[in-house]
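**Student:** Before we start, here is the structure in question, set down as structure tokens.
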Ligand SMILES: NC(=O)c1ccc[n+]([C@@H]2O[C@H](COP(=O)([O-])OP(=O)(O)OC[C@H]3O[C@@H](n4cnc5c(N)ncnc54)[C@H](O)[C@@H]3O)[C@@H](O)[C@H]2O)c1
């Protein structure tokens with residue numbers, strides 16, 4: 026398939042997990058992919074993908090690095106069609122135990138990093154009169170999770186900010202959408218590579234399994250492709266119905282009689 030033939034895409038946090046899966050998928054679909062991450066392992070991942078991929082070591086919080094990256098990509102390729110703001114970190118702890126420094130780090134990477142990236146590519150996308158941005162939020166941007174105050178704040182921020190960006194950029198045919206992964210089998214969710222069926226049972230996932238990185242990558246592919254040409258300001262949950270609701274009554278449950 027060539028759903029991104031001739032397109033140029035930047036993906037942050039692409040050294041592993043969902044970012045890596047997205048880079049692989051976009052390259053398979055014909056895109057030139059600029060992968061960024063703070064982890065140098067991204068170099069090997071890009072080499073493994075092949076000539077369609079290039080890796081740049083970069084922290085999404087670095088304003089000057091964004092300016093340099095966009096200038097370099099524009100000089101080399103003449104265009105930027107897609108940006109996936111995927112890089113993020115997570116922290117779980119009771120609210121009273123969190124420090125100001127850790128909260129600022131969370132917001133700096135997850136929220137401000139997403140704004141810096143979008144702000145950096147917006148001028149070229151406006152000039153092109155087309156472009157697509159996917160900001161990776163989370164189910165934590167759709168509801169509240171105990172012991173994840175700062176992560177939830179950052180992901181709700183990404184969701185809200187993306188709506189404003191979608192409004193501002195819509196007149197220029199630049200689309201901004203959010204993807205909200207549920208529990209996905211990556212180093213973030215599963216750093217010790219536990220049996221995923223245990224995680225699914227603990228979390229009570231409705232499909233009785235965790236998601237795979239490719240299943241999120243496929244959602245981003247749709248949103249940056251021309252198939253989504255009239256989709257902007259939308260939020261796409263990729264969570265196997267985890268945030269769709271809950272089970273107040275199960276079949277055979279007499280408790281509501
Ligand atoms: N895995 C899940 O269950 C899950 C659920 C909901 C949302 N998400 C979101 O999906 C996205 C991808 O997460 P993942 O599961 O692949 O996690 P991951 O930890 O495997 O990958 C995240 C990548 O971001 C990079 N990164 C971290 N800080 C960075 C920085 N300052 N600058 C540049 N890169 C940086 C990391 O090095 C890593 O390669 C994130 O936005 C995450 O919040 C994940």
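Numbering (my numbering), first residue to last: 26 to 282.
Built from N, CA and C at the ideal position, the CB exists for glycine as well.
1) Go to residue 178, then tell me how far its alpha helix (DSSP H) extends in each direction, as first and last residue.
2) Judging by CA-CA distance, which residue of 153, 86, 99 is the nearest neighbour of residue 113?
3) Which residue's Cα is closest to the Cα of residue 18: 223, 128, 203?
4) Taking the C-alpha atoms as reference points, what is the distance between residue 190 and residue 273?
5) For residue 135 versus residue 180, is the C-beta spacing smaller than 9 angstroms?
6) On a Cα-Cα basis, can you pick out the residue from 55, 268, 201 that is closest to residue 170?
7) Is the CB-CB distance between residue 165 and residue 258 below 9 angstroms?
8) How is residue 105 classed by DSSP in three states: helix, strand or coil?
9) Going by DSSP in three states, residue 261 sits in which element: helix, strand or coil?
10) On the premise that residue 35 lies in contact with residue 98, defined as a C-beta separation below 8 angstroms, what is that separation, rounded to the nearest angstrom?
11) What span of residues does the alpha helix (DSSP H) with residue 224 cover, start to end?
12) Can you tell me the Cα-Cα spacing of residue 51 and residue 33, whole angstroms?
13) Residues in its own chain within less than 8 angstroms of residue 202 by CB, not counting five upstream and five downstream?
14) Going by C-alpha distance, which of 271, 39, 46, 58 is nearest residue 168?
15) Based on Cα-Cα distance, which residue from 199, 39, 229 lies nearest to residue 148?
16) Scan the region 94 to 173 and note each continuous beta strand (DSSP E) run of 3 residues or more that stays entirely inside, going in chain order.
17) Figure out for me which residue from 91, 104, 49, 62 has the closest Cα to the Cα of residue 77.
18) In whole angstroms, give me the CA-to-CA distance for residue 218 and residue 212.
**Tutor:** The short version:
1) Reading the chain shown from its first residue, position 153 is the one you call residue 178. From DSSP, the alpha helix (DSSP H) with residue 178 extends over 174 to 194.
2) Indexing the chain shown from 1 puts residue 113 at position 88. If we check each option's Cα against that of residue 113, 86 comes out closest.
3) There is no way to answer for residue 18, as the model of the chain reaches only from 26 to 282.
4) Locating residue 190 in the chain shown gives position 165, counting from the first residue. Locating residue 273 in the chain shown gives position 248, counting from the first residue. In a straight line, the C-alpha of residue 190 is about 37 angstroms away from that of residue 273.
5) Taking the chain shown and counting its residues from 1, the one referred to as residue 135 is at position 110. Taking the chain shown and counting its residues from 1, the one referred to as residue 180 is at position 155. Result yes, Cβ atoms of residue 135 and residue 180 sit closer than 9 angstroms.
6) Position 145 of the chain shown, counted from the first residue, corresponds to residue 170. Among 55, 268, 201, the Cα nearest to that of residue 170 is on 268.
7) If you number the chain shown from 1, residue 165 lands on position 140. If you number the chain shown from 1, residue 258 lands on position 233. Not in contact: residue 165 and residue 258 (Cβ atoms no closer than 9 angstroms).
8) By 1-based counting over the chain shown, the position of residue 105 is 80. In the structure shown, residue 105 sits in coil (DSSP, three-state: anything other than H, G, I, E or B).
9) The sequence position of residue 261 within the chain shown is 236, counting from 1. In the structure shown, residue 261 sits in a strand (DSSP, three-state: E or B).
10) Here residue 98 refers to the residue found at position 73 of the chain shown. Here residue 35 refers to the residue found at position 10 of the chain shown. Indeed, because the Cβ distance is near 7 angstroms, the residues count as touching under 8 angstroms.
11) As a working mapping, residue 224 is identified with position 199 in the chain shown. Segment 221 to 228, the alpha helix (DSSP H) holding residue 224.
12) Within the chain shown, the letter at position 26 stands for residue 51. Within the chain shown, the letter at position 8 stands for residue 33. Near 9 angstroms, if we compare the C-alpha coordinates of residue 33 and residue 51.
13) By 1-based counting over the chain shown, the position of residue 202 is 177. So the qualifying residues of the chain are 157, 158, 159, 160, 187, 191, 248, 253, 256, 257, 258, 259, 260, 261.
14) Taking the chain shown and counting its residues from 1, the one referred to as residue 168 is at position 143. Nearest C-alpha to residue 168: 271.
15) The sequence position of residue 148 within the chain shown is 123, counting from 1. When each option's Cα is compared against that of residue 148, the closest is 199.
16) 107 to 110, 156 to 161
17) In the chain shown, the residue the question calls residue 77 occupies position 52. For residue 77, the nearest C-alpha among the options comes from 49.
18) Here the question's residue 218 lines up with position 193 in the chain shown. Here the question's residue 212 lines up with position 187 in the chain shown. If you take the alpha carbons of residue 218 and residue 212, they lie about 8 angstroms apart.
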